[in-house]
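Chemist: What follows is a structure written as structure tokens; I'll ask about it next.
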Amino acid sequence: MSKILKNIHSDLAFTNNLINWGKSFGRKNLPWNPSYGKKIDPYKVWLSEIMLQQTQFRTGVKYFERFIKHFPNVKNLAESEIETVLSFWSGLGYYARAKNMHKAAKIICSGGKVNFPKSASDWKKLPGIGFSTAAAISAFTVNEKQPIMDANVIRIVARQHKLIERIGSAKLQKKIFIICSKHLPKSNSDMPIYTQSIMDLGALICRPKEPLCDLCPVSECCLSFLEGKVGNYPVKKKKVFKNIKRVSWIIPHTQDSIALVQSKDSKLWENFWIPIEIQENNLIPKKACFLKRFKLPISNFIFDISVWGILCKRKNFEGGVRWFKNSNLNEKPIPSSVKKAISFL
DNA sequence: CTCCCGTCAC
DNA sequence: GTGACGGGAG
Numbered sequence: 000m001s002k003i004l005k006n007i008h009s010d011l012a013f014t015n016n017l018i019n020w021g022k023s024f025g026r027k028n029l030p031w032n033p034s035y036g037k038k039i040d041p042y043k044v045w046l047s048e049i050m051l052q053q054t055q056f057r058t059g060v061k062y063f064e065r066f067i068k069h070f071p072n073v074k075n076l077a078e079s080e081i082e083t084v085l086s087f088w089s090g091l092g093y094y095a096r097a098k099n100m101h102k103a104a105k106i107i108c109s110g111g112k113v114n115f116p117k118s119a120s121d122w123k124k125l126p127g128i129g130f131s132t133a134a135a136i137s138a139f140t141v142n143e144k145q146p147i148m149d150a151n152v153i154r155i156v157a158r159q160h161k162l163i164e165r166i167g168s169a170k171l172q173k174k175i176f177i178i179c180s181k182h183l184p185k186s187n188s189d190m191p192i193y194t195q196s197i198m199d200l201g202a203l204i205c206r207p208k209e210p211l212c213d214l215c216p217v218s219e220c221c222l223s224f225l226e227g228k229v230g231n232y233p234v235k236k237k238k239v240f241k242n243i244k245r246v247s248w249i250i251p252h253t254q255d256s257i258a259l260v261q262s263k264d265s266k267l268w269e270n271f272w273i274p275i276e277i278q279e280n281n282l283i284p285k286k287a288c289f290l291k292r293f294k295l296p297i298s299n300f301i302f303d304i305s306v307w308g309i310l311c312k313r314k315n316f317e318g319g320v321r322w323f324k325n326s327n328l329n330e331k332p333i334p335s336s337v338k339k340a341i342s343f344l
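Residue numbers (numbering that gives the first Met the number 0): 0 to 344.
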């Protein structure tokens, strides 16, 4: 048998085995899937794709439910204040996702009526939607045949084909695109189950660490598995040194309230409410009381934060702070790490 | 420590 | 084409 013919057969086997596995063992009853007989909602699919980027499924689902309850449709989202939107994203991180969704919702609703994109290339024009997300949304909503190439797929395909190019390189991207294009199911109507299955395979079986190759439906066409070298793929990016930033957080507080400032000058936590920040070598106010020091790894640097409290009799602290009742902090955009710092008070 | 992925600046 | 950036969870 020629090599090409063999490859076609293994591509076919890959897709069929994957879809059959997905039908039996993939995730079911996802909250963004339509109930029986209902049409799929592009807004929910879109939100789920954005929320589940960089976020574990279990965590994401809880936020998804809460978000949908408050913003049941795209018009609702478009007409809401950004601060409200951010407060429902608070704790998920990567807050640019929420800001971009809000912007995109306004675009979708501009012109007086709701106008969702009908193709991957149109989805991609919206802020916050890249190649992979656009393909996934259009696969689910209009059965468009586009290869999704999220981190799950990159991991699966790099292992299957022993790709040695580093994650993020243009070469790897190109190779995976070609391979994935061959994996696409014949029928457009199989795009949703195919897309869901490959994502589930990456999340449940072909995991970053400790992949469950014994349970994998496509291990027989996985070159790295056959050689016992699954751990070598995909080839990771070079590590970069993380700078450490020493800061002090000063939190004036009364019995029932705390004082925060709105982050404006920094891209990090922009528009979120955070403590007064003092650089390492500046003076800590005399009245401040040291509470705790903790490290907070951000993507490319490490925060080394000392938390100081100032107990106030009245809510009259200088410096543009706003006072918040402890009881309604949940309604405000506040990063998790700030909530953690507050818990030391 | 590692993992997630889209955007933007160069 | 490459790399910095961003946050939380495991």
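Glycine is no exception: its CB is placed at the ideal position from the N, C-alpha and C atoms.
State the CB to CB distance for the pair Glu143 and Met190, rounded to an integer number of angstroms; the pair is presumed to be in contact (CB under 8 Å).
Modeler: Your numbering for residue 143 matches position 144 in the first sequence. Your numbering for residue 190 matches position 191 in the first sequence. Right, their Cβ atoms sit about 7 Å apart.
Chemist: Between Pro146, Gly129, Gln254, Lys266, which has its C-alpha nearest Lys314's C-alpha?
Modeler: On the first sequence, position 315 is the one that residue 314 refers to. Nearest of Pro146, Gly129, Gln254, Lys266 to Lys314, Cα basis: Gln254.
Chemist: Does the beta-carbon distance from Lys105 to Ala135 come in below 7 Å?
Modeler: Position 106 of the first sequence, counted from the first residue, corresponds to residue 105. Position 136 of the first sequence, counted from the first residue, corresponds to residue 135. Not closer than 7 Å, so no.
Chemist: Give me the Cα-Cα distance between Thr14 and Phe115, rounded to the nearest whole angstrom.
Modeler: Position 15 of the first sequence, counting from 1, holds the residue named residue 14. Position 116 of the first sequence, counting from 1, holds the residue named residue 115. Answer to the nearest angstrom: the Cα atoms are 29 Å apart.
Chemist: Which residue marks the beginning of the alpha helix (DSSP H) containing Asn99, and which one marks its end?
Modeler: Here residue 99 is taken as the residue at index 100 of the first sequence, counted from 1. Element bounds for Asn99: 95-107.
Chemist: In chain order, what residues of the same chain lie with their CB nearer than 7 Å to the CB of Pro210, ignoring the 5 residues before and after it?
Modeler: In the first sequence, counting from the first residue as 1, residue 210 sits at position 211. Once the five neighbours on either side are set aside, the close Cβ partners of Pro210 are Ile204, Val229.
Chemist: Can you check which of these residues, Gly92, Ser118, Asn75, is closest to Lys102 by C-alpha distance?
Modeler: Taking the first sequence and counting its residues from 1, one reaches residue 102 at position 103. With distances taken between Cα atoms, Lys102 lies closest to Asn75.
Chemist: Where does Leu154 sit, in a helix, a strand or coil, going by DSSP?
Modeler: The residue you call residue 154 lines up with position 155 of the first sequence. Sequence inspection shows Arg at residue 154; the Leu mentioned does not correspond to that position. Reduced to three states, the DSSP call for Arg154 is helix.
Chemist: Using DSSP with H/G/I as helix, E/B as strand and the rest coil, what is Asn242?
Modeler: Residue 242 sits at position 243 when you count from the first residue of the first sequence. Strand at Asn242.
Chemist: Across the segment 36-45 and the segment 79-92, are there enough close Cβ pairs to call them in contact, namely three or more that are closer than 8 Å?
Modeler: Taking 8 Å as the limit for Cβ pairs, the verdict is that the segment 79-92 does not touch the segment 36-45.
Chemist: Starting from Asp303 and walking both ways along the beta strand (DSSP E), at which residues does that stretch end?
Modeler: Against the first sequence, residue 303 aligns to sequence position 304. From DSSP, the beta strand (DSSP E) with Asp303 extends over 300-310.
Chemist: State the start and end residues of the unbroken alpha helix (DSSP H) segment that holds Ile177.
Modeler: For the purposes of this step, residue 177 is taken as residue 178 along the first sequence, with counting starting at 1. Start and end: 169-182.
Chemist: Beta-carbon separation of Gly308 and Val260 under 7 Å?
Modeler: Against the first sequence, residue 308 aligns to sequence position 309. Against the first sequence, residue 260 aligns to sequence position 261. No, the Cβ-Cβ distance between Gly308 and Val260 is not below 7 Å.
Chemist: Out of curiosity, what's the CA-to-CA distance linking Pro33 and Lys27?
Modeler: As a working note, residue 33 is residue 34 in the first sequence. As a working note, residue 27 is residue 28 in the first sequence. Going by the C-alpha atoms only, they are around 11 Å apart.
Chemist: Strictly by DSSP, which residues pair up with Arg165?
Modeler: Along the first sequence, one-based indexing puts residue 165 at 166. Per DSSP, Val234.
Chemist: Rounded to whole angstroms, how far is the Cβ of Pro146 from the Cβ of Cys179, which I believe are closer than 8 Å?
Modeler: Position 147 of the first sequence, counted from the first residue, corresponds to residue 146. Position 180 of the first sequence, counted from the first residue, corresponds to residue 179. Their Cβ separation, rounded to whole angstroms, is 3 Å, which keeps Pro146 and Cys179 in contact under 8 Å.
Chemist: Rounded to whole angstroms, what's the CA-CA distance from Lys291 to Tyr232? Just pull it up for me.
Modeler: Translated into the one-based positions of the first sequence, residue 291 becomes position 292. Translated into the one-based positions of the first sequence, residue 232 becomes position 233. About 40 Å.
Chemist: Taking 7 Å as the threshold (C-beta atoms), are Val234 and Glu276 in contact?
Modeler: Position 277 of the first sequence, counted from the start, is the residue given in the question as residue 276. Position 235 of the first sequence, counted from the start, is the residue given in the question as residue 234. Not closer than 7 Å, so no.
Chemist: What are the start and end residues of each continuous beta strand (DSSP E) run of 3 or more residues lying completely inside the segment 189-276, in chain order?
Modeler: The segment 189-276 contains these whole beta strand (DSSP E) runs: 242-252, 256-261.
Chemist: Between the segment 333-343 and the segment 283-297, can you find at least three pairs of beta-carbon atoms closer than 8 Å?
Modeler: Yes: the two stretches touch, three or more of their Cβ pairs being nearer than 8 Å.
Chemist: Alpha carbons only, please: which of Arg154, Pro284, Ser89 is nearest the one belonging to Ser223?
Modeler: The residue labelled residue 223 in the question sits at position 224 within the first sequence. Among Arg154, Pro284, Ser89, the Cα nearest to that of Ser223 belongs to Arg154.
Chemist: From Ser326 to Leu91, what distance separates their C-alpha atoms?
Modeler: As a working note, residue 326 is residue 327 in the first sequence. As a working note, residue 91 is residue 92 in the first sequence. Going from the Cα of Ser326 to the Cα of Leu91 covers about 20 Å.
Chemist: If you drop the 5 nearest sequence neighbours on each side, which residues of the same chain put their C-beta closer than 7 Å to that of Ser218?
Modeler: Within the first sequence, residue 218 is the residue found at index 219, counting from 1. Within the same chain, Ser218 has close Cβ partners Cys212, Phe224.
Chemist: Quick check on DSSP: helix, strand or coil for Leu295?
Modeler: Against the first sequence, residue 295 aligns to sequence position 296. If DSSP states are grouped into helix, strand and coil, Leu295 belongs with the strands.
Chemist: Go ahead and label Asp264 buried or exposed: buried means 16 or more other beta carbons lie within 10 angstroms of its beta carbon, across all protein chains shown.
Modeler: Taking the first sequence and counting its residues from 1, one reaches residue 264 at position 265. Classification of Asp264: exposed, given that the 10 Å Cβ count is below 16.
Chemist: Note the first and the last residue of the continuous alpha helix (DSSP H) segment covering Trp88.
Modeler: As a working note, residue 88 is residue 89 in the first sequence. 81-88 is the span of the alpha helix (DSSP H), which, as asked, contains Trp88.
Chemist: So the alpha helix (DSSP H) Lys324 belongs to, where does it begin and stop?
Modeler: Translated into the one-based positions of the first sequence, residue 324 becomes position 325. Taken as a continuous stretch (DSSP letters only), Lys324 belongs to no alpha helix (DSSP H), being part of the beta strand (DSSP E) at 321-324.
Chemist: In angstroms, rounded to a whole number, what distance separates the CA positions of Phe87 and Glu64?
Modeler: One-based indexing of the first sequence puts residue 87 at position 88. One-based indexing of the first sequence puts residue 64 at position 65. Roughly 11 Å separates the two Cα atoms.
Chemist: How big is the Cα-Cα spacing for Ile163 and Tyr193?
Modeler: The residue you call residue 163 lines up with position 164 of the first sequence. The residue you call residue 193 lines up with position 194 of the first sequence. If you take the alpha carbons of Ile163 and Tyr193, they lie about 26 Å apart.
Chemist: Starting from the Cα of Gly111, find the closest Cα among Val73, Arg96, Ile297, Glu279 and give me that residue.
Modeler: The residue you call residue 111 lines up with position 112 of the first sequence. Closest option to Gly111, Cα to Cα, is Val73.
Chemist: Short check: CB of Ile49 to CB of Arg96, under 7 Å?
Modeler: By 1-based counting over the first sequence, the position of residue 49 is 50. By 1-based counting over the first sequence, the position of residue 96 is 97. Yes.
Chemist: Please state whether DSSP places Gln145 in a helix, a strand or coil.
Modeler: In the first sequence, residue 145 corresponds to position 146, counting from 1. In this structure, Gln145 counts as coil in the three-state DSSP scheme.
Chemist: Can you give the Cα-Cα distance for Lys38 and Gln55, rounded to whole angstroms?
Modeler: Stepping through the first sequence from its first residue, residue 38 is reached at position 39. Stepping through the first sequence from its first residue, residue 55 is reached at position 56. Using only the alpha carbons, I get a separation of about 26 Å.
Chemist: Would a C-beta distance cut-off of 7 Å place Val306 and Trp248 closer than the cut-off?
Modeler: Walking along the first sequence from the start, residue 306 turns up at place 307. Walking along the first sequence from the start, residue 248 turns up at place 249. Cβ atoms of Val306 and Trp248: closer than 7 Å.
Chemist: Does the Cβ of Ala138 have 16 or more other Cβ atoms within 10 Å, making it buried, or fewer, making it exposed?
Modeler: For the purposes of this step, residue 138 is identified with residue 139 of the first sequence, where counting begins at 1. Result: buried.
Chemist: Exposed or buried, Val239, counting other C-beta atoms within 10 Å across all chains shown (16 or more means buried)?
Modeler: On the first sequence, position 240 is the one that residue 239 refers to. Val239 should be labelled exposed.
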